[in-house]
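J.: Heads up: the sequence shown is residues 335 to 1031, going by the numbering used here. Here a beta-carbon is modelled for each residue, glycine too, at the ideal position from N, C-alpha and C. Since this is a predicted model, take the numbers as computed values, not measurements.
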Amino acid sequence: MTEVCFLAKILVIVESPAKAKTIEKFLGKSHYTVKASVGHVRDLPKSKLGIDIENNFEPGYINIRGKGDLIKDLKKSAKKASKVYLATDPDREGEAISWHLEHILGIENDEPCRIEFNEITKDAIRKAIKNPRKINLDLVDAQQARRVIDRLLGYQISPVLWQKLRKGLSAGRVQSVTTKLICDREKEINAFEPVEYWTIDAKSESKTGEDIDFKLSAIDGKKAEIHNEEEVNKILEIIENKDLHVVKIESKKRKKSAPKPFTTSVLQQEGVNRLGFSTKKTMMIAQELYEGIDVKGEGTVGLISYIRTDSNRISEEAKGKAEVFIKETLGNEYYKEEKKSSEKKSSKKVQDAHEAIRPTSVDRTPDSIKDSLSKDQYKLYNLIWRRFVASQMSDSEFELMNVECQIENYTFKATGSKMIFDGYTKVYNFYDREDRMLPEISEGDDLKVNGIFPEQHFTQPPARYTEASLVKTLEELGIGRPSTYAPTIATILNREYVEKSGSSLQPTELGILVTEILEANFAKLMDVDFTAKLENELDTIEEGEANWKEVVKESYEPFEEAIKEALENIEKVNMDVETDEICELCGSNMVIKYGRFGKFMACKNYPECKNTKPIVNKIGVKCPKCGEGEIIVRKTKKGRAFYGCSKYPDCDFIEWNKPVEEVCPECGSYMTEKVSKKGKKHICSNKECGFEKTIEE
335 MTEVCFLAKI
345 LVIVESPAKA
355 KTIEKFLGKS
365 HYTVKASVGH
375 VRDLPKSKLG
385 IDIENNFEPG
395 YINIRGKGDL
405 IKDLKKSAKK
415 ASKVYLATDP
425 DREGEAISWH
435 LEHILGIEND
445 EPCRIEFNEI
455 TKDAIRKAIK
465 NPRKINLDLV
475 DAQQARRVID
485 RLLGYQISPV
495 LWQKLRKGLS
505 AGRVQSVTTK
515 LICDREKEIN
525 AFEPVEYWTI
535 DAKSESKTGE
545 DIDFKLSAID
555 GKKAEIHNEE
565 EVNKILEIIE
575 NKDLHVVKIE
585 SKKRKKSAPK
595 PFTTSVLQQE
605 GVNRLGFSTK
615 KTMMIAQELY
625 EGIDVKGEGT
635 VGLISYIRTD
645 SNRISEEAKG
655 KAEVFIKETL
665 GNEYYKEEKK
675 SSEKKSSKKV
685 QDAHEAIRPT
695 SVDRTPDSIK
705 DSLSKDQYKL
715 YNLIWRRFVA
725 SQMSDSEFEL
735 MNVECQIENY
745 TFKATGSKMI
755 FDGYTKVYNF
765 YDREDRMLPE
775 ISEGDDLKVN
785 GIFPEQHFTQ
795 PPARYTEASL
805 VKTLEELGIG
815 RPSTYAPTIA
825 TILNREYVEK
835 SGSSLQPTEL
845 GILVTEILEA
855 NFAKLMDVDF
865 TAKLENELDT
875 IEEGEANWKE
885 VVKESYEPFE
895 EAIKEALENI
905 EKVNMDVETD
915 EICELCGSNM
925 VIKYGRFGKF
935 MACKNYPECK
945 NTKPIVNKIG
955 VKCPKCGEGE
965 IIVRKTKKGR
975 AFYGCSKYPD
985 CDFIEWNKPV
995 EEVCPECGSY
1005 MTEKVSKKGK
1015 KHICSNKECG
1025 FEKTIEE
């Protein structure tokens, strides 16, 4: 009898063990077995191209090495099961994994074995089980086209870099264009020439003695543009000792609508901007929240909906629950009765098929489950929950007051504002906003000027990309898809084409060289329009409007001849940089070389002298602990920079923030440097002291 029950079990296959654990809890072990494929089980071989170009780009898939036992176990379980359901992620990649599983397990092509869900909750899983469908081959073909094109370009262009520079380098359709964007921005910064300009502020007061700050906004009715000190002095001569005459007072109310719920790219941007997470970390934690967290009193449950989406759309059921929550906890006035469609029409149908990223239950507030989450999980869940709730809330309302004054032909303006109703900002607000109300003033008043303050400025170069601004640019240009942004940024950092300076991304010497070689030999690969056009063509494949192999052929043909020519005409670039450091073994100069694991120093007299040593990056500060060693930059196994003593292991000084020579005037501890968007600060290393000071650039 037990044997019959076991044979009657239904097998459900997902990608990850965490997801399997959550789903098995909802379905129950008595009738279902849930197993994980741990990602792809079949792929192109790593050791060779794996694509038969002569045979219409036929891919040669193989079972992934190291997954033999797992595949054997899945086959054994499938043979015993009464039914097999493939429950991989609801996107192209997930569809392709299910297609490969279907092939390996011998499931008939027309068998309705595919189930999908947008969130891992009991209701969503049970509903999906009742509505299985056949594998969508259009989705599979779109994924195959991307995989084959990226393999053709990556595996055939990368050897050009190996011969030109060194082994271990790589080129790719998305990663190379992304690196180029960062290199191009650096060129703009280096070529930038600052332009001088001036502003003039006037301090005044109302008849009741309250201070008002005005700014020169127009000259002769046109926007004020002051280019040098000579022009400033001419203005000061004219307006000196004259009153401001109030010519116009304008008061109006303004509303600000709530932001829409998260798409993948906006979540990544806000993860960087609000939480200080990398895009990779944001997606990793979001995946954990999606797949399931063991919540006290509930067990394992998926906390957020599917995390790869281009849509702002929210289901009617989720909207309805949000309405009840907002009205009951905040009040009716905080719910936005005027329903505006949050759907965003997009050609990217696979992503837009999903809802925006939202909590699976609005009643599961961040604070109610805080004890079940890690610190970082709580931060991200709190951000997602608040953004979703805010998206269904009323507008915030402000009262704005603009005062316009005149001295001769010079117009000065002052602006005040007051919040009338906080609306959605009650839940989602990242700004310490203060009302800036102006005192009682009437048109026709003459206001005494207590001081004129001219200030010199210079235009600033464009800012380097941060991970957030880079993701925004990639999305705007149509390069890649939201699911590729985090791994792309991680790749160019790991390859050392790009490095982080604070939160900014800047190209390395290697990244600039690689970009120059690729631009010279493969202009089309580095063409933003080519990459964006291909993304659109992948969408047409998915929609069943194009043949995937024809798209591959059309995309690959322009590169075929260029690859042959580049390999034939290649000339080796010597990247060695000679230094003043002398080899202690033979007396020759040491040179900086690039190896598999980055830069190192080697004797110029190689191969006669094989002396090598690591590069020590000194910051010019003595160790505050031992006073003898130099502070050097070191890296953890994961590549995170930290600061340590050159006398290690004799001195074990370690600091995450960059130490500076300055000593805290309050407690005598060493100071460290902290760089943010607001500027540079020196802060005391003694947390109990808390002394800090702003450093002028």
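(1) Name the two residues that bound the continuous alpha helix (DSSP H) containing residue 772.
(2) Taking DSSP as the reference, what is the three-state secondary structure of residue 532?
(3) In the DSSP assignment, find the unbroken alpha helix (DSSP H) run with residue 652 in it and report its ends.
(4) Quick check: residue 822 and residue 508, are their CB atoms within less than 8 Å of each other?
(5) Would a C-beta distance cut-off of 8 Å place residue 522 and residue 700 closer than the cut-off?
(6) Could you give the distance in angstroms between the alpha-carbon of residue 859 and the alpha-carbon of residue 853?
(7) Of the choices 512, 989 and 584, whose alpha-carbon is the least far from that of residue 812?
(8) Is any non-hydrogen atom of the ligand ZN found closer than 7 Å to the C-beta of residue 878, if you look at the structure I gave you?
(9) Kindly indicate which residue of 855, 968 and 802 has the alpha-carbon position closest to the one of residue 988.
(10) Identify every residue that forms a DSSP beta bridge with residue 909.
(11) Applying the 10 Å Cβ sphere with the 16-neighbour rule, what's the burial state of residue 924?
(12) What's the gap between the Cα of residue 643 and the Cα of residue 873?
(13) Suppose contacts are defined by Cβ-Cβ distances below 8 Å. Is residue 541 in contact with residue 779 by that definition?
(14) With which residues is residue 377 paired in a DSSP beta bridge?
(15) From what residue to what residue does the alpha helix (DSSP H) around residue 475 run?
(16) Check whether the segment 585-604 and the segment 802-817 touch, using three or more Cβ-Cβ pairs below 8 Å as the test.
(17) Taking the alpha helix (DSSP H) that residue 611 falls in, what are its first and last residues?
(18) Leaving out five residues on either side along the sequence, give the residues of the same chain with a beta carbon under 7 Å from the beta carbon of residue 979.
(19) For residue 1002, decide whether its Cβ has a neighbour in chain C, counting only Cβ atoms nearer than 8 Å.
(20) According to DSSP, is residue 337 part of a helix, a strand, or is it coil?
(21) Do you know offhand how far residue 762's Cα is from residue 724's?
(22) With distances taken from CA atoms, which of 1010, 842, 696 and 367 is nearest residue 518?
(23) Give me, in chain order, the residues of the same chain whose beta-carbon lies closer than 6 Å to that of residue 770; leave out the 5 immediate sequence neighbours on both sides.
(24) Go to residue 855, then tell me how far its alpha helix (DSSP H) extends in each direction, as first and last residue.
(25) With a 10 Å radius around its C-beta and 16 neighbouring C-beta atoms as the bar for buried, classify residue 675 as buried or exposed.
(26) Under the three-state reduction of DSSP, which class applies to residue 1019: helix, strand or coil?
(27) Count the C-beta pairs between the segment 538-557 and the segment 710-720 that are closer than 8 Å, then say yes if the count reaches three, no if not.
(28) Is the segment 783-794 in contact with the segment 529-543, if contact means three or more CB pairs nearer than 8 Å?
(29) Mind checking which residues open and close the beta strand (DSSP E) that includes residue 566?
(30) Thinking C-alpha only, which one of 838, 772, 948 and 494 is nearest residue 737?
(31) Who are the Cβ neighbours of residue 935 in its own chain at under 8 Å, not counting the five residues just before and after it?
(32) Once you ignore the five residues that flank residue 358 on each side, which residues in its own chain have a CB closer than 6 Å to its CB?
(33) Alpha carbon to alpha carbon, what distance is there between residue 371 and residue 405?
(34) Evaluate residue 432 with the Cβ neighbour count: other Cβ atoms within 10 Å of its Cβ, from every protein chain shown; 16 or more gives buried, anything less gives exposed.
(35) Could you give the distance in angstroms between the alpha-carbon of residue 681 and the alpha-carbon of residue 564?
(36) Give me the Cβ distance between residue 820 and residue 617, rounded to the nearest whole Å; I'm assuming they're in contact under 8 Å.
T.: Based on what the coordinates show:
(1) For the purposes of this step, residue 772 is taken as the residue at position 438 of the sequence shown. That residue, residue 772, is in no alpha helix (DSSP H); it is neither H nor E in DSSP.
(2) The sequence position of residue 532 within the sequence shown is 198, counting from 1. Three-state result, residue 532: strand.
(3) For the purposes of this step, residue 652 is taken as the residue at position 318 of the sequence shown. Segment 650-663, the alpha helix (DSSP H) holding residue 652.
(4) Here residue 822 corresponds to residue number 488 of the sequence shown, with the count starting at 1. Here residue 508 corresponds to residue number 174 of the sequence shown, with the count starting at 1. Yes, the Cβ-Cβ distance between residue 822 and residue 508 is below 8 Å.
(5) Here residue 522 refers to the residue found at position 188 of the sequence shown. Here residue 700 refers to the residue found at position 366 of the sequence shown. No, Cβ-Cβ distance for residue 522 and residue 700 is not below 8 Å.
(6) Along the sequence shown, read from residue 1 onward, the residue named residue 859 stands at position 525. Along the sequence shown, read from residue 1 onward, the residue named residue 853 stands at position 519. Rounded to whole angstroms, residue 859 to residue 853 spans 8 Å at the Cα level.
(7) Within the sequence shown, the letter at position 478 stands for residue 812. It is 512 whose Cα lies nearest to the Cα of residue 812.
(8) Of ligands this structure carries none, so the ligand ZN is not represented either.
(9) As a position in the sequence shown, residue 988 is number 654, starting the count at 1. Residue 968 is the option with its Cα nearest to residue 988.
(10) As a first step, residue 909 is located in the sequence shown; it is residue number 575 there, counting from the start. Per DSSP, none; premise fails for residue 909.
(11) Locating residue 924 in the sequence shown gives position 590, counting from the first residue. Only buried fits residue 924, as 16 or more other CB atoms lie within 10 angstroms of its CB.
(12) The residue labelled residue 643 in the question sits at position 309 within the sequence shown. The residue labelled residue 873 in the question sits at position 539 within the sequence shown. Looking at the two C-alpha atoms, the distance is approximately 14 Å.
(13) As a first step, residue 541 is located in the sequence shown; it is residue number 207 there, counting from the start. As a first step, residue 779 is located in the sequence shown; it is residue number 445 there, counting from the start. Yes, these two residues count as a Cβ contact at 8 Å.
(14) In the sequence shown, residue 377 corresponds to position 43, counting from 1. DSSP, once it has assigned bridges, lists 396 as partnering residue 377.
(15) Reading the sequence shown from its first residue, position 141 is the one you call residue 475. Run containing residue 475: 471-498, per the alpha helix (DSSP H) assignment.
(16) Contact between the segment 585-604 and the segment 802-817 is present: three or more C-beta pairs spanning the two stretches fall below 8 Å.
(17) Translated into positions along the sequence shown, residue 611 becomes position 277. Looking at the DSSP string, residue 611 is not in any alpha helix (DSSP H), and its letter there is neither H nor E.
(18) Walking along the sequence shown from the start, residue 979 turns up at place 645. Taken in chain order, the residues that qualify are 957, 959, 960, 963, 965, 985 and 987.
(19) Note that chain C does not occur in the displayed structure, where there is just one protein chain.
(20) For the purposes of this step, residue 337 is taken as residue 3 along the sequence shown, with counting starting at 1. With a pLDDT of 42 at residue 337, under the threshold of 50, the modelled position of that residue is not reliable, and the figure given next carries that caveat. Here residue 337 sits in helix by DSSP.
(21) Residue mapping note: residue 762 aligns to position 428 of the sequence shown, counting from 1. Residue mapping note: residue 724 aligns to position 390 of the sequence shown, counting from 1. Their Cα atoms are separated by approximately 6 Å.
(22) By one-based count along the sequence shown, residue 518 stands at place 184. Ranking the options by Cα distance to residue 518, first place goes to 842.
(23) Numbered from 1 along the sequence shown, position 436 holds the residue referred to as residue 770. Result list for residue 770: 750 and 751, in chain order.
(24) Counting from 1 along the sequence shown, the entry for residue 855 is found at position 521. Per DSSP, the continuous alpha helix (DSSP H) segment holding residue 855 begins and ends at 843-855.
(25) Here the question's residue 675 lines up with position 341 in the sequence shown. For residue 675, the predicted model reports a pLDDT of 48, less than 50, meaning its position is unreliable; a value from the coordinates is still stated below. It counts as exposed.
(26) Taking the first residue of the sequence shown as position 1, residue 1019 is located at position 685. Three-state DSSP puts residue 1019 in coil, outside helix and strand.
(27) Here the segment 538-557 does not lie against the segment 710-720, with fewer than 3 beta-carbon pairs under 8 Å apart.
(28) yes
(29) Position 232 of the sequence shown holds residue 566. Unbroken run through residue 566 is the alpha helix (DSSP H), 563-573; no beta strand (DSSP E).
(30) Here the question's residue 737 lines up with position 403 in the sequence shown. Per the Cα distances, 772.
(31) The count along the sequence shown starts at 1 and reaches residue 935 at position 601. Within the same chain, residue 935 has close Cβ partners 913, 915, 924, 925, 926, 927, 946, 947, 948 and 949.
(32) Locating residue 358 in the sequence shown gives position 24, where the first residue counts as 1. So the qualifying residues of the chain are 368.
(33) Translated into the one-based positions of the sequence shown, residue 405 becomes position 71. Translated into the one-based positions of the sequence shown, residue 371 becomes position 37. In a straight line, the C-alpha of residue 405 is about 8 Å away from that of residue 371.
(34) On the sequence shown, residue 432 is found 98 positions in, with the first residue counted as 1. Burial call: buried.
(35) Locating residue 681 in the sequence shown gives position 347, where the first residue counts as 1. Locating residue 564 in the sequence shown gives position 230, where the first residue counts as 1. Per-residue confidence for residue 681 stands at a pLDDT of 42, beneath the threshold of 50, marking its modelled position as unreliable; the derived number appears in the next sentence. Distance between the alpha carbons of residue 681 and residue 564 is about 55 Å.
(36) Within the sequence shown, numbered from 1, the residue matching residue 820 stands at position 486. Within the sequence shown, numbered from 1, the residue matching residue 617 stands at position 283. Correct: roughly 5 Å between the Cβ atoms.
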